[in-house]
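Chemist:
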Amino acid sequence: MQKIFGFITLGLLVLAVGKVYAQPGVGATYIGDYSKMQSKESADKEMENANWIYRLQNLKNSKFNFVVTMKDNSVRAIRSKIYVDSVNNKTYLLDAESKQKIYCNQTQKINRGDAVTGMATDSCWLFKIVSGKINAYSFLSESAGPFSLTALQTGDGPIKNFDARLLEQMIADNPKAMKPFLKKDYLKAIEKFNGDNK
Numbered sequence: 073m074q075k076i077f078g079f080i081t082l083g084l085l086v087l088a089v090g091k092v093y094a095q096p097g098v099g100a101t102y103i104g105d106y107s108k109m110q111s112k113e114s115a116d117k118e119m120e121n122a123n124w125i126y127r128l129q130n131l132k133n134s135k136f137n138f139v140v141t142m143k144d145n146s147v148r149a150i151r152s153k154i155y156v157d158s159v160n161n162k163t164y165l166l167d168a169e170s171k172q173k174i175y176c177n178q179t180q181k182i183n184r185g186d187a188v189t190g191m192a193t194d195s196c197w198l199f200k201i202v203s204g205k206i207n208a209y210s211f212l213s214e215s216a217g218p219f220s221l222t223a224l225q226t227g228d229g230p231i232k233n234f235d236a237r238l239l240e241q242m243i244a245d246n247p248k249a250m251k252p253f254l255k256k257d258y259l260k261a262i263e264k265f266n267g268d269n270k
């Protein structure tokens, strides 16, 4: 009788432990892989946030007078730098008078004078910093080097988030452009490519 009771207790313990460590919808045999995937996603998100902060700390980001066109077509004049909300992964301007944050997704566009326009996206304003067969966009209104490179566009095609692999596919046939690309000087690579493809 004691052996049967021991087997039943052991069986219940195994079932209980399996339930405690199980995650909804994930079989017990996949728990290790699922946990690795979850921790990788968490690490990727942390790296994305750290990347925003690192990029902004290493960039010149001056205050400018911006003319802001809101979604309701109202227009506001704001003197501000472009700040990054690292929690929400969005850029914003800070209106010093009202102490109000104006997020990019609340606007249609922002202008710095006649020549510099930033079109609003869900996470930042995009300012064209290189024009040509490949257009390059920055999240800052002044040219700040390769750290501010945010998006790419081929001709009039869709604007895509910057990715070195995507850029490599675009310029792979051009040895002059690949030379700075391999040194991670992506803006120079785009400029060389555009210079050869006028």
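Residues in the sequence shown are numbered consecutively from 73, following our numbering. Even glycine gets a Cβ: it sits at the ideal position worked out from N, Cα and C. Keep in mind that this is a model prediction, so the values were computed, not measured.
#1: If you run the structure through DSSP and keep just helix, strand and coil, what is A261?
#2: Look up A223 in the DSSP assignment and say whether it is helix, strand or coil.
#3: Would you report the Cα separation of F199 and V139, rounded to the nearest angstrom?
#4: Can you list, in chain order, the residues of its chain with a C-beta nearer than 6 angstroms to that of I150? Leave out the 5 residues immediately preceding and following it.
#5: Contact defined as beta carbons within less than 8 angstroms: I believe G135 pairs with K153. What is the distance between those atoms, to the nearest angstrom?
#6: Do L221 and Y258 have their beta-carbon atoms positioned less than 8 angstroms apart in this structure?
#7: For V147, is the classification buried or exposed, using 16 other Cβ atoms within 10 angstroms of its Cβ as the cut-off for buried?
#8: Alpha carbon to alpha carbon, how far is P247 from K171?
Modeler: To lay it out plainly:
#1: helix
#2: strand
#3: 14 angstroms
#4: F138, V140, L165 and D167
#5: The amino acid occupying residue 135 in the given sequence is Lys; Gly does not appear at that position. Confirmed, Cβ separation roughly 5 angstroms.
#6: yes
#7: exposed
#8: 50 angstroms
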